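Chemist:
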Amino acid sequence: MANQKILELLGDKAEYLLNHECKTIDKSTIHLPSPNHVDENWVNSNRSNQVLRSMHTLLNTGRLAGTGHCSIFPVDQGIEHSGGASFAPNPIYFDPENIIKLAIEGGCNGVASTYGVLGIMSRKYAHKIPFIVKINHNEFLSYPNKFDQTMFGTIKNAWDMGAVAVGATIYWGSAESSRQLKEVAEAFEIAHSLGMATILWCYTRNNAFKVDGKDYHTSADLTGQANHLGVTLQADIIKQKLPTNNGGYLATKHGKTHKLVYEKLTSDHPVDLTRYQLLNCFNGRVGLINSGGESMGDSDLQEAVITAVVNKRAGGMGLILGRKAFQRPFQDGVSLLHAIQDVYLDESITVA
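Everything in the sequence shown is counted per this note's numbering, starting at 361 for the first residue and increasing by one.
1. Could you spell out the range, first to last residue, of the beta strand (DSSP E) harbouring residue 525?
2. Pick helix, strand or coil for residue 414, following the three-state DSSP scheme.
3. The alpha helix (DSSP H) spanning residue 684 covers which residue range?
4. If you drop the 5 nearest sequence neighbours on each side, which residues of the same chain put their C-beta closer than 7 angstroms to that of residue 477?
5. Count the other CB atoms within 10 Å of the CB of residue 399; is the residue buried (16 or more) or exposed (fewer)?
6. Along the beta strand (DSSP E) that carries residue 519, what are the first and last residues, could you check?
7. Going by DSSP, what residue range makes up the beta strand (DSSP E) through residue 600?
8. Around the C-beta of residue 429, are 16 or more other C-beta atoms found within 10 angstroms, so that it is buried, or is it exposed?
9. Could you pull the DSSP bridge partners for residue 609 from this structure?
10. Within 8 angstroms (strictly less), CB to CB, does residue 513 reach chain C?
11. Go through its chain and collect everything with a Cβ distance to residue 622's Cβ below 7 angstroms, but skip five positions before and after it.
12. What is the DSSP secondary structure of residue 629, reduced to helix, strand or coil?
13. Are the beta-carbon atoms belonging to residue 604 and residue 626 less than 8 angstroms from one another?
14. To test your reading of the DSSP string, which unbroken alpha helix (DSSP H) runs of 4 or more residues are found completely within the stretch 390-469?
15. Among the candidates 677, 672, 692, whose CA atom is the shortest distance from the CA of residue 380?
16. Can you check whether the CB of residue 488 is closer than 8 angstroms to the CB of residue 474?
17. Taking DSSP as the reference, what is the three-state secondary structure of residue 507?
18. Contact between the stretch 652-667 and the stretch 685-705 is defined here as three or more beta-carbon pairs at a separation below 8 angstroms; is this criterion met?
19. Are the beta-carbon atoms of residue 612 and residue 576 separated by less than 8 angstroms?
20. Less than 7 angstroms between C-beta atoms, sequence neighbours within five positions excluded: which residues of the same chain meet that for residue 635?
21. Is the number of C-beta pairs between the stretch 465-474 and the stretch 447-455 that are closer than 8 angstroms three or more?
22. Assuming residue 590 is part of the alpha helix (DSSP H), what are its boundary residues?
23. Would you kindly work out how many angstroms separate the C-alpha atoms of residue 539 and residue 367, rounded to a whole number?
24. Which whole runs of the beta strand (DSSP E) in the stretch 637-663 are 3 residues long or more, in chain order?
25. Who does residue 512 pair with in a DSSP beta bridge?
26. Give me the residue from 373, 652, 416, 555 with the minimum Cα distance to residue 679.
27. Excluding five sequence neighbours on each side, which residues of the same chain lie with their C-beta closer than 6 angstroms to the C-beta of residue 654?
28. If residue 554 sits next to residue 515, beta carbons under 8 angstroms apart, how far is it from one beta carbon to the other, in whole angstroms?
29. Helix or strand or just coil, what does DSSP make of residue 497?
30. Here's a check: name, in chain order, each residue in its chain whose Cβ is nearer than 6 angstroms to the Cβ of residue 601, leaving out the five neighbours to either side.
31. Excluding the 5 residues flanking residue 517 on each side, which residues of the same chain have their C-beta closer than 7 angstroms to its C-beta?
32. Quick one, which of 560, 421, 597 has its alpha-carbon nearest residue 490's?
33. Check the C-beta distance from residue 752 over to residue 557 and give it rounded, since I have them as a contact under 8 angstroms.
34. Kindly list the residues whose CB is nearer than 6 angstroms to the CB of residue 668, restricted to its own chain and excluding five residues on each side of it in sequence; keep chain order.
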């Protein structure tokens, strides 16, 4: 039985989420997070000893150290949206040090942010919490707004500041995705050569993915394929939005799929849809972390805990949550990060 606080937050969804048994892809067939994740999944790969050490450092920091699960605190919205849109609700986070302090106090495995944010405080903190440098961004100052990820620095710069990993985004399905693919693949190769791990934000983006008023950007089949492309670029961890529906391929009448994806490998349950995302991460050999999403106010804590429960029960590695934590008072942000970590620390919440 999950602890009382988690049960209260899940409310009437507790039984639906905690007692679900996955009958699509059996848990015995997938590679699940464990304290020996690096040894079980990566020692026979082409990753160097230095990359293995970086992965081990990331997975053995913070409150989830030694569990195989990962809680990452990401703050790149100052570029992706704007400083005002992101930090006006809590202006202390215009100061990069407070971003890093929240990640440390929040017990996170690592902090993911921009070259500027991490670089300006690197000498003070790079040895205290794993740095994950986000190497590309979509900036919203250009007019008209465009959706395109652009490189902001060099991998050598990330290595010089003491980062254990780099992160990047690809907008799969966009007109620019081929260029982004090439840039990120080359950057990840350099990062691995220098001993850093790699994390890929695998987002789908194309107006054609909205059909008859329904948005399929987070459909399990499309996001699953985005993950499959991402692991092929040798990402060590995949970040993906939680699936909210399915049938994106069918609705858009584009690309290739198979009827068994919908008849056998998925159901309409969020745990089963997320497990299909995990299946596309080389059957769980590459860890799947889901996104905490934007801040919606009073419902943030409940939504974050639900996402953590779904990810964990699907066999995922963890959560990457930013806005829900930093767009509120500092101690409230710490409490929220601890609440989602408590899901992964609760041994009664098992893989479905």
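Beta carbons: idealized from backbone N, C-alpha and C, even for Gly.
This one's a predicted model, so the numbers in the text were calculated from it and none came from an experiment.
Modeler: With the structure as the only source:
1. That run of the beta strand (DSSP E) goes 525-532.
2. The three-state secondary structure of residue 414, taken from DSSP, is helix.
3. It spans 683-686 - the alpha helix (DSSP H) in which residue 684 sits, taken as one unbroken run.
4. Once the five neighbours on either side are set aside, the close Cβ partners of residue 477 are 435, 456, 459.
5. Taking a 10 Å sphere around the C-beta of residue 399, we find fewer than 16 other C-beta atoms and assign the residue as exposed.
6. For residue 519, there is no enclosing beta strand (DSSP E); the residue is part of the alpha helix (DSSP H) that begins and ends at 515-520.
7. For residue 600, the enclosing beta strand (DSSP E) stretches over residues 597-600.
8. Buried, because 16 or more other Cβ atoms sit within 10 Å of the Cβ of residue 429.
9. As DSSP reads the structure, residue 609 sits in no beta bridge.
10. This model lacks chain C altogether; it includes just one protein chain.
11. Excluding residues within five positions, the ones whose Cβ falls inside 7 angstroms are 606, 607.
12. Per DSSP, reduced to three states, the secondary structure at residue 629 is coil, with no helix or strand assignment.
13. Between residue 604 and residue 626, the C-beta spacing is not below 8 angstroms.
14. Taken in chain order, the unbroken stretches of alpha helix (DSSP H) that lie wholly in the stretch 390-469 and span 4 residues or more are 397-401, 409-419, 437-440, 443-447, 456-465.
15. Distances from the alpha-carbon of residue 380 to those of 677, 672, 692 put 672 closest.
16. Not a contact, by the Cβ cut-off of 8 angstroms.
17. DSSP, read as helix, strand or coil, puts residue 507 in coil.
18. A contact exists between the stretch 652-667 and the stretch 685-705.
19. Yes, they are a contact pair.
20. For residue 635, where only same-chain residues beyond five positions count, the Cβ hits under 7 angstroms are 382, 384, 385, 674, 675.
21. Counting C-beta pairs with one atom in each stretch, the stretch 465-474 and the stretch 447-455 have fewer than three that are closer than 8 angstroms, which means they do not touch.
22. Residues 580-592.
23. Inter-residue distance for residue 539 and residue 367 is about 45 angstroms (C-alpha atoms, whole angstroms).
24. The qualifying runs are 647-651.
25. Paired residues: none, contrary to the question.
26. Closest by alpha carbon: 652.
27. Once the five neighbours on either side are set aside, the close Cβ partners of residue 654 are 683.
28. Contact flag correct, Cβ pair sits at about 7 angstroms.
29. In the structure shown, residue 497 sits in a strand (DSSP, three-state: E or B).
30. Excluding five sequence positions before and after residue 601, the CB atoms of its chain that fall closer than 6 angstroms to its own CB belong to 578, 651, given in chain order.
31. Closer than 7 angstroms at Cβ, skipping near neighbours: 475.
32. The residue among 560, 421, 597 with its C-alpha nearest the C-alpha of residue 490 is 421.
33. Because the chain here runs from 361 to 712, residue 752 falls outside it and cannot be looked at.
34. For residue 668, where only same-chain residues beyond five positions count, the Cβ hits under 6 angstroms are 679, 700, 703.
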